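The next block holds one structure in the form of structure tokens; read it before the comments.
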Amino acid sequence: MNSSQLKILAIISMVLDHVSWILLPNIEIFHFIGKIAFPIFCFMIAEGYIKTRNKKKYLLRLLGIAVLSEIPFIMTFRLVFGPSWIALDTIFDLVLGLIAILSYDSCKFKGKFIIILILGALALLFQIDGDFFGVLVIYIFYKYHDNFKKQAKYYTLVSLIEILILPIYGIIESLIMNMPISEIIQTVSSTNYWLYFLIEITGLIVALIPLKFFNGEKGKNIKLFFYSFYPLHLITLYLIKVYLF
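Reminder that position 107 of the sequence shown reads as 657 in the working numbering, one-by-one numbering, no gaps.
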């Protein structure tokens, strides 16, 4: 698969996931397919960084899309999570991951991996969709470029750690929000709660399959379509939800 084909696959899987969140809830197969998208986007950020001629322009372009997408992102997902919900969109996580590898590449001191950890922590602090996981995965795909076995090994390890940490993080967040203990226990003991994490880890691992078949070629030039699609599909889903559902 070339770069353009991977991007199209990621876009399709992302749309199915968002459709399930916003328009057709509880279609778990869409969520499963949707988990494939984010790792592919992380992979393409690392590939884009390695191959682009102007890394700063690449970063500014991605940051611009993140900013443009923020209002549609909040408006659309407030339809699901309520009027007070707020977070930074997924593209900001890709931006932080790109800053991480750009900074890592520029620094000369031995302990420069701390840069990755700091930027990952910032993703958590600012509640960016994708959080620490996205920053670390972009670093892994960059660090072990041209060595798929190592990419797959460390990516799988990070995915497993993410799945182990998420339930704990969710419980702590619930306690901070003063959710009753009985309600937290009821949530954690439900089948659907753990089914979500099973779908999450399975989808993340399945994402390695298309990456395995990446041939390093660019494919058709879909740059404009690729960058504009994210905010436009959020606006479209918002309008459909508000006026047709």
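Idealized CB from N, CA, C, for every residue including glycine. Source: prediction; values computed, not measured.
Taking the CB atoms as reference points, tell me whether Tyr780 and Ile621 lie closer together than 8 Å.
Not closer than 8 Å, so no.
For Asp567, count neighbouring C-beta atoms within 10 Å of its own C-beta (all shown protein chains included) and say buried if the count is 16 or more, exposed if not.
Counting Cβ neighbours within 10 Å, Asp567 comes out buried, since at least 16 surround it.
Is it the case that the stretch 626-638 contacts the stretch 672-691, given that we only count it when at least three CB pairs across the two stretches are under 8 Å?
Because the criterion of three Cβ pairs below 8 Å is met, the stretch 672-691 and the stretch 626-638 touch.
Of all the alpha helix (DSSP H) runs that stay within the bounds of the stretch 649-725, which reach a length of 4 or more residues?
Runs found: 663-675, 681-693.
Determine the direct distance from the alpha carbon of Ser732 to that of Leu613, and round the result to whole angstroms.
Cα to Cα, the separation comes out at about 42 Å.
Which residues share a DSSP beta bridge with Leu638?
Answer is Ile678, bridged to Leu638.
So for Gly769, helix, strand or coil by DSSP?
Gly769 falls in the coil class under three-state DSSP.
Just how far apart, CA to CA, sit Gly632 and Phe623?
Each residue's alpha carbon lies about 13 Å from the other.
Let me know if Phe795 comes out buried or exposed under the rule of 16 or more other beta-carbons within 10 Å of its beta-carbon.
So Phe795 counts as exposed.
Could you give the first and the last residue of the continuous alpha helix (DSSP H) run that contains Pro730?
Segment: none, Pro730 is in no alpha helix (DSSP H) and carries neither H nor E.
Hey, Phe588 and Gly684: beta-carbon distance below 8 Å or not?
Cβ atoms of Phe588 and Gly684: closer than 8 Å.
So Lys607 is in the alpha helix (DSSP H); what residue range does that whole segment cover?
Counting along the chain, the alpha helix (DSSP H) containing Lys607 begins and ends at 605-631.
Output the distance between the C-alpha atoms of Tyr788 and Phe659, rounded to the nearest integer angstrom.
Cα-Cα distance, rounded: 47 Å.
Is it buried or exposed, Thr626, if we count other Cβ atoms within 10 angstroms and call 16 or more buried?
Thr626 comes out buried.
Put Thr786 into one of helix, strand or coil per three-state DSSP.
Three-state DSSP puts Thr786 in a helix.
So what's Ala560 in DSSP terms, helix, strand or just coil?
Ala560: helix per DSSP, three-state reduction.
Would DSSP call Thr602 helix, strand or coil?
Thr602: coil per DSSP, three-state reduction.
Figure out for me which residue from Pro730, Ile600, Thr786, Tyr689 has the closest Cα to the Cα of Gln701.
Looking at the Cα atoms, Tyr689 is the closest of the given residues.
Let's test the definition: count the other Cβ atoms within 10 Å of the Cβ of Ile668 and tell me whether it reaches 16, buried, or not, exposed.
Burial call: exposed.
Rounded to the nearest angstrom, what separates Leu774 and Lys606 at their Cα positions?
Cα to Cα, the separation comes out at about 18 Å.
Considering only their Cβ atoms, is the gap separating Phe764 from Met564 smaller than 8 Å?
Cβ distance not < 8 Å, so Met564 and Phe764 don't count as in contact.
To the nearest angstrom, how far is the alpha carbon of Tyr599 from that of Leu648?
Computed Cα separation, rounded: 7 Å.
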